[in-house]
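Numbering (this note's numbering), first residue to last: 1 to 59.
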């Protein structure tokens with residue numbers, strides 16, 4: 001345990017945890033972006049000038 005630290009972590013441990021948190025956040029952002037792109041390719045909601053075609057079926 002580090003002396004004088006509010007969390008009890010050394011600077012190296014804190015940097016490692018921060019790095020893992022940032023990597024996890026970046027992975028979740030890019031994974032959600034990929035999921036949105038794949039969903040858009042599967043079922044786009046905009047067709048030219050109309051937002052939703054009149055014969056729209058969800059599945």
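Cβ atoms here follow ideal geometry from the backbone N, Cα and C, with glycine treated the same way.
Between the alpha carbons of residue 39 and residue 25, how many angstroms are there, rounded? 21 Å
Out of curiosity, what's the CA-to-CA distance linking residue 36 and residue 22? 21 Å
Is any heavy atom in the ligand SAH found nearer than 7 Å to the beta carbon of residue 43? This structure lacks the ligand SAH; in fact it carries no ligand of any kind.
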